[in-house]
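Have a look at the structure below, then the notes.
Quick look at the structure:
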């Protein structure tokens with residue numbers, strides 16, 4: 060009932076919208092989204108081995124945000140947050156394997172379609188909320204675990220031409236599967252193993268270096284896709300009328316990366332480009348994936364008729380202000396209960412059950428990142444420093460505090476430092492308030508095992 064009322068209001072406003080702004084041209088949107096690529100994978104963000112010339116060149120002419128966070132560093136909840144503008148508890152997608160029904164959820168198509176937009180998607184979807192379906196565009200594989208290297212932009216070109224012929228602005232999502240495992244696409248030889256930089260929380264083994272190399276090869280393929288998309292817009296003379304947004308995603312599937320609340324997993328990059336409108340700059344303003352829906356609505360001169368957790372980035376991108384959010388909120392419930400708050404300088408992580416092994420079950424599989432983890436454990440049997448790194452992964456402390464500005468890979472825990480106790484306690488209070496605002500319980504709950512999860516779903520049916 061609430062949804063029907065919301066849609067009625069939206070349709071009525073659409074009529075008013077057409078009357079008020081019929082003479083005003085709305086910007087188009089093209090969003091290129093990576094897959095399992097964190098903030099630290101590009102030349103423009105300091106990766107010395109990266110081969111990302113198209114992204115780096117675009118970054119020099121755009122707003123570059125390197126402190127973009129996802130509430131949950133997993134594919135389904137990230138996309139749910141991105142496309143709805145809502146936190147996990149509000150949209151119901153808590154993890155890849157934890158979803159709860161929510162009524163009245165609207166997605167970006169529900170917001171933009173009444174304003175005259177055509178909304179299409181090619182590639183990976185991993186999303187099924189809202190009432191308005193995205194138009195499906197051929198050309199990019201939707202299989203995140205595939206090894207298909209080729210793609211075709213002709214479907215996107217046709218979709219854009221049809222929208223133009225109809226006099227409609229468009230919003231197109233080009234969703235890559237790079238660099239999702241199995242990391243079989245691209246040229247590994249472009250990344251000599253001996254020249255790679257090893258993140259300080261990694262263990263330097265042959266499999267570690269190979270994992271970085273084959274992941275970087277897929278990031279290079281993603282960069283090629285970004286270059287081709289931009290060339291398409293230029294050839295079509297659409298660059299000045301189209302807002303091009305390039306997004307990395309959650310980080311690489313390595314320890315303390317994907318599935319974790321650490322910056323190596325939950326922090327992303329946003330590159331926003333609109334010649335003559337956005338002021339090119341690199342900013343460390345904090346933002347979240349839920350901020351994009353209200354941003355698109357705002358840039359299209361519309362208004363959301365339902366409450367959103369996101370906050371519009373329009374003023375930041377136009378150069379009218381320098382800050383955005385005071386903090387970001389990270390909310391893991393499965394496979395581990397971990398909550399975090401990130402500010403400009405610090406991150407506090409609250410782990411409810413530190414005695415349990417905090418490594419995803421996939422690391423015990425034959426997937427390549429599992430091979431790297433096996434080597435780490437083998438080396439740890441003879442090396443104390445490596446054993447300490449393994450312990451930090453498996454058994455994080457109940458509270459961890461990091462200086463993100465000076466320690467982006469979160470190696471030096473400050474939670475027990477006497478001079479940081481006020482920071483720790485203050486952030487914990489703020490974190491609990493964020494949890495309450497996001498509709499979350501302050502009482503930690505153990506994640507259900509796979510068998511218990513199946514039984515719970517059967518009972519619900």
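Numbering (my numbering), first residue to last: 60 to 520.
Each residue gets a CB set at the ideal place from its N, CA and C atoms; glycine is no exception.
Exposed unless 16 or more other CB atoms sit within 10 angstroms - verdict on residue i
| i | result |
| --- | --- |
| residue 97 | buried |
| residue 257 | exposed |
| residue 71 | With a pLDDT of 45 at residue 71, under the threshold of 50, the predicted position of this residue should be treated as unreliable, and no value is reported. |
| residue 107 | exposed |
| residue 296 | exposed |
| residue 484 | exposed |
| residue 187 | exposed |
| residue 294 | exposed |
| residue 332 | buried |
Proximal residues to residue i (C-beta, below 6 Å), its chain only, five neighbours per side dropped
| i | result |
| --- | --- |
| residue 350 | 369, 370 and 372 |
| residue 497 | 146 and 148 |
| residue 506 | 393 and 394 |
| residue 245 | 276, 277, 279 and 280 |
| residue 356 | 170 and 363 |
Unbroken alpha helix (DSSP H) run spanning residue i, endpoints
| i | result |
| --- | --- |
| residue 301 | Where residue 301 is concerned, there is no enclosing alpha helix (DSSP H), although the beta strand (DSSP E) it sits in stretches over 301 to 306. |
| residue 150 | 147 to 150 |
| residue 428 | 427 to 439 |
| residue 399 | From DSSP, residue 399 is part of no alpha helix (DSSP H) but of the beta strand (DSSP E) over 397 to 401. |
| residue 141 | 134 to 143 |
Nonlocal neighbours in the same chain, by C-beta distance under 8 Å from residue i, ignoring five residues either side
| i | result |
| --- | --- |
| residue 427 | 240, 241, 242, 266, 269, 270 and 273 |
| residue 192 | 168 |
| residue 340 | 122, 123 and 378 |
| residue 344 | 124, 126, 375, 381, 382, 383 and 384 |
| residue 493 | 386, 388 and 400 |
Rounded C-alpha distance that separates residue i from residue j
| i | j | result |
| --- | --- | --- |
| residue 300 | residue 223 | 12 Å |
| residue 142 | residue 220 | 24 Å |
| residue 451 | residue 420 | 17 Å |
| residue 81 | residue 163 | Low confidence applies here, because residue 81 scores a pLDDT of 37, under 50, leaving its location unreliable; read the following figure in that light. Each residue's Cα considered, the two are about 29 Å apart. |
| residue 455 | residue 434 | 20 Å |
| residue 111 | residue 477 | 43 Å |
| residue 130 | residue 237 | 21 Å |
| residue 472 | residue 308 | 25 Å |
| residue 315 | residue 321 | 6 Å |
| residue 442 | residue 264 | 13 Å |
| residue 466 | residue 404 | 10 Å |
| residue 197 | residue 470 | 43 Å |
| residue 444 | residue 156 | 34 Å |
| residue 120 | residue 194 | 30 Å |
| residue 475 | residue 103 | 34 Å |
| residue 325 | residue 154 | 13 Å |
Start and end residues, beta strand (DSSP E) containing residue i
| i | result |
| --- | --- |
| residue 414 | Careful: residue 414 lies outside any beta strand (DSSP E) and carries neither H nor E. |
| residue 390 | 387 to 391 |
| residue 182 | 177 to 182 |
| residue 88 | 87 to 92 |
| residue 407 | 405 to 410 |
Cβ-based neighbour list, residue i, same chain, cut-off 7 Å, excluding 5 preceding and 5 following
| i | result |
| --- | --- |
| residue 504 | 396 |
| residue 160 | 151 |
| residue 305 | 91, 114, 117, 285 and 330 |
| residue 429 | 421, 422 and 423 |
Presumed contact (8 Å Cβ cut-off) between residue i and residue j, rounded CB distance
| i | j | result |
| --- | --- | --- |
| residue 383 | residue 377 | Going by Cβ atoms, the distance from residue 383 to residue 377 rounds to 12 Å, so no, they are not a contact pair. |
| residue 453 | residue 479 | Between residue 479 and residue 453 the Cβ distance is about 24 Å, and since that is not below 8 Å, they are no contact. |
| residue 408 | residue 459 | 4 Å |
| residue 178 | residue 184 | That pair is no contact at about 12 Å. |
| residue 317 | residue 132 | 5 Å |
| residue 218 | residue 387 | Not quite, the Cβ-Cβ distance comes to about 33 Å (not below 8 Å), so this is no contact. |
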